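Q: Take this structure first; my questions come after.
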Amino acid sequence: MDQHSLAPHVLIFPFPAQGHVTPMLNLAELLCLANVKITFLNTIHNQQCLTKHTDIEARLARYPGFRFKTISDGHPDDHPRLGGDWLREMLQTLPSSAKPQLREILVNATGIDKVTCFLLDGWMSFARDLAKEAKVPVIAVRFGSACFTWSIKCTSELIEAGEIPFKDDKMDQLVKNAPGIDSFFRYRDLPGYSRNLDTSSCQYIQDMSTSEVQAIEEAQSVVINTFEELEGPFLSLIRSHCSRVYTIGPLHAHLNYRLSPKETTLSKNSSSNLWEIDRSCISWLDQKPDKSVVYVSFGSSTMLTKDQLIELRAGLVQSKKYFLWVVSPNLITKCDINSPIQDDLLEGIKERGYMVGWAPQEEVLAHRAIGGFMTHSGWNSTLESIVAGVPMLCWPYFGDQQVNSRFVSEVSRIGLDMKDSCNRTIVKNMINDLMERKKDELQGSMSKTSNLAKKSISEGGSSYSNLNHLIEEIKGMIKKEEH
Ligand code: UDP
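Residue numbering for the sequence shown follows the UniProt record's numbering, starting at 1 and increasing by one per position.
Listed below in structure tokens is the structure:
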């Protein structure tokens, strides 16, 4: 028998969004480095995007135990698949479109195709019944913050306690009946989906949250893309409900650390982006002074309204700072970036701005010219900013981002929160706070946090050791199967 027929076989199926596919690929590669066999299930559409825009297939072909498989997302080829609306749609349609093929892989597989362990992504808890039926152990994986994972539990309890739905006039009050977060969370800091709920959507959120909570409580173990030193108190709360929790992040940095120097270059040159990267921004950054540029990116799902686009653009120009702005196809699905602009703003954009459709974000954040990151507070972006040591201005859009931005500003104090406001004066003032007035204070705490992140993924650090324990646990499953 060769080494791979003895290796555990892990099934991985990320929720089909950029913020899940990227960290899941990083985790898959970390497991491959430990000779774990992986079947990585992607939607056909996402696999086509990865093949078109990256060398990921060639990169992962280095691992004999790794294979991609594809699955339909249940939508026609010409569906635009853009923005947050699409993600909400996917949450509702994916269970029925994915279950039949997932059943084939999990329940009906035989011989070497038999799955030893299923890594269950957040918002995919519909798949845990199939794992139960197949008697395959589940490890729940969360790519959001521990603070967000805990808030999901709180949301469910707040609905039961009648605190959600809440009226707009409560937005600035501290949340009641939410242990661990009620000393600093206002109602506006709860997960974005807790807002504006009518009776039926309230029931839907309650069901989703309960199912997510059950998924982590029932899982054999839970993996979170964070590190102990960043989120200790929230991890303690989660641990009081789950048997084993491994923090192994920041995953992107962890993977780079574990690859040999030669392979690190390979990994950095490669990417897992679903859109084509425009590298021209790196030459533009090369021409700018140290820490003089604000990087503006709102991830893969944010959609601006026309008013938000106008105010944001005016605020950026009026801040008089250089800015590199990712204007992705998602961002402008609801408005037109080319609509007429006043001459003075146009001048300001030409003088100090640069726009790309999709940036090599990790490389941009690590560039010496970047002084601040205006972000939507997606958790991957937050961790990437932490590793690069760049303070943030948070303007959350939906979901976990409302939670993360509060965490960043009030708990870690490595950024500012511009939640729920977007007029040009506020944008201008807060960019100036980020880049000048509050720069030293923010940079001081960010540098400490960044060092802790790097320590955690280095040999002997908390995330490094936890990943070793996770690998031991997965390898132990095959031994149990043999008995
Ligand atoms: N990203 C990128 N280029 C861009 C914008 C984003 O490579 O121009 C990457 C970013 O590095 C991160 C991911 O897309 O890894 C976005 O994930 P996040 O959790 O921050 O936000 P989401 O897209 O899930 O809202």
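Note that beta-carbon positions come from the ideal geometry of N, C-alpha and C, so glycine has one too. Every value quoted in this text rests on a predicted model; they were computed, and no experiment measured them.
1. Name the DSSP beta bridge partners of Gly415, please?
2. Can you tell me which of the three DSSP states Phe407 falls into?
3. For Asn423, I'd like the list of residues in its chain whose CB is within less than 6 Å of its CB, leaving aside the five on either flank, ordered along the chain.
4. Can you give the Cα-Cα distance for Met418 and Leu304, rounded to whole angstroms?
5. Quick check on DSSP: helix, strand or coil for Val175?
6. Can you confirm whether the stretch 396-410 touches the stretch 135-151 when touching is taken to mean that 3 or more C-beta pairs between the two stretches lie within less than 8 Å?
7. Between Gln361 and ligand 1, is there a pair consisting of the residue's CB and a ligand heavy atom that are separated by less than 7 Å?
8. For Ala28 and chain B, any beta-carbon pair shorter than 8 Å?
9. Whole beta strand (DSSP E) runs in the stretch 102-140 with 3 or more residues, listed along the chain?
10. Within 8 Å, do at least three Cβ pairs link the stretch 322-330 to the stretch 272-288?
11. Using only the heavy atoms of ligand 1, determine whether one of them is closer than 7 Å to the beta carbon of Glu384.
12. In angstroms with no decimal places, state the Cα-to-Cα distance between Gly460 and Lys454.
13. Mind listing, in chain order, the continuous alpha helix (DSSP H) runs of no fewer than 4 residues lying wholly within the stretch 254-341?
14. Just to confirm the assignment, what range does the beta strand (DSSP E) spanning Leu50 have?
15. Give the DSSP bridge partners of Ile71, in chain order.
16. What residue ranges within the stretch 164-211 form continuous beta strand (DSSP E) runs of no fewer than 3 residues, ordered along the chain?
17. Can you give the Cα-Cα distance for Lys438 and Ala7, rounded to whole angstroms?
18. In or out: Glu441 buried (at least 16 other Cβ within 10 Å) or exposed?
19. If you drop the 5 nearest sequence neighbours on each side, which residues of the same chain put their C-beta closer than 7 Å to that of Lys176?
20. May I have the straight-line CA-CA distance separating Val390 from Leu452, to the nearest angstrom?
21. Would you say His376 touches ligand 1, meaning its beta carbon is less than 7 Å from a heavy atom?
22. Taking Met24 as part of the alpha helix (DSSP H), name the residues at either end of that continuous run.
A: Taking the geometry as given:
1. Met392
2. helix
3. Glu311
4. 15 Å
5. Under the three-state reduction of DSSP, Val175 is assigned to coil, being neither helix nor strand.
6. yes
7. yes
8. Considering every chain present, this structure includes no chain B. It has just one protein chain.
9. 117-121
10. yes
11. yes
12. Distance between the alpha carbons of Gly460 and Lys454 is about 11 Å.
13. 261-269, 280-286, 306-318
14. Element bounds for Leu50: not the beta strand (DSSP E) but the alpha helix (DSSP H), 44-53.
15. Thr43
16. If we require 3 residues or more, the stretch 164-211 turns out to have no beta strand (DSSP E) run fully inside it.
17. 52 Å
18. exposed
19. Glu163, Asp182
20. Our two residues, Val390 and Leu452, have alpha carbons roughly 14 Å apart in a direct line.
21. yes
22. DSSP places Met24 in the uninterrupted alpha helix (DSSP H) bounded by 18-33.
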